[in-house]
Amino acid sequence: MIKQALLGEFLHEAENTRKILQAIPDSALDWKPSEKNWTTGQLASHIAEVYNWYESTFNEDTFDMGAYKYDKGDISKAENILAKFEENVANAQKVLENSDENTYFNEWKMEMNGNVLFPPSPRIQVVRGFLYNHLYHHRGELVVYLRSTGNKVPGLYGPTADDKF
């Protein structure tokens with residue numbers, strides 16, 4: 012039952028993520044709100060990358076970020092970021108579908124070079140926080156990036172100011 016609930020939310024929110032990534036024009040990819048922030052392209056690429064973490068989160072008790080390698084590919088075009096998202100989301104869906112609910116309450120942690128980055132927590136809590144909520148947070152940032160560059164924002168949970176009724 013837990014897996015079905017997670018999968019339902021996953022599929023719904025993957026579609027919302029797809030909508031927001033499809034709304035990014037190439038002309039906005041290099042924009043960033045300040046020197047401390049990522050560019051739109053970097054932020055969008057990170058959103059696509061979150062789906063790459065499902066394998067380690069569901070199938071390992073320790074995610075070693077020190078050993079983690081990710082090829083984000085060419086992020087100079089929005090279509091490339093979207094293609095990477097599609098690849099990662101398809102793999103993440105398979106991982107979720109094949110996950111074992113009996114492991115959802117096992118302890119999970121993230122380390123880097125022996126340092127704990129994410130304290131030991133039940134895997135289900137990590138899925139909700141590290142995978143799902145983390146993604147929603149960055150999608151919200153991306154909405155602001157799109158607005159700040161004069162681009163339309165798709166409705167994710169209903170109409171936006173760009174929709175006319």
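Going from the sequence shown to our numbering is simple: count from 1 and add 11. We put the CB at the ideal spot given by N, CA and C, even for glycine.
Could you please give the first and the last residue of the uninterrupted beta strand (DSSP E) stretch that includes histidine 175? Here residue 175 corresponds to residue number 164 of the sequence shown, with the count starting at 1. Here residue 175 turns out to be lysine, not histidine, going by the sequence shown. First-last for lysine 175: undefined, no H or E at that position.
Enclosing alpha helix (DSSP H) for serine 67 [first to last residue]: If you number the sequence shown from 1, residue 67 lands on position 56. First-last of the alpha helix (DSSP H) with serine 67: 65–70.
Looking at the secondary structure, which residues open and close the alpha helix (DSSP H) in which valine 137 lies? As a working mapping, residue 137 is identified with position 126 in the sequence shown. 134–137 is the extent of the alpha helix (DSSP H) around valine 137.
Which residue from Leu107, Asp72, Tyr143 puts its Cα closest to that of proline 130? The sequence position of residue 130 within the sequence shown is 119, counting from 1. Closest by alpha carbon: Asp72.
To the nearest angstrom, how far is the alpha carbon of serine 159 from that of lysine 30? Counting from 1 along the sequence shown, the entry for residue 159 is found at position 148. Counting from 1 along the sequence shown, the entry for residue 30 is found at position 19. Their backbone Cα atoms lie some 18 Å apart in a straight line.
Would you call the CB atoms of asparagine 117 and alanine 34 closer than 8 Å? The sequence position of residue 117 within the sequence shown is 106, counting from 1. The sequence position of residue 34 within the sequence shown is 23, counting from 1. No, these two residues do not count as a Cβ contact at 8 Å.
In the structure shown, what three-state DSSP assignment does phenylalanine 129 receive? Against the sequence shown, residue 129 aligns to sequence position 118. Strand.
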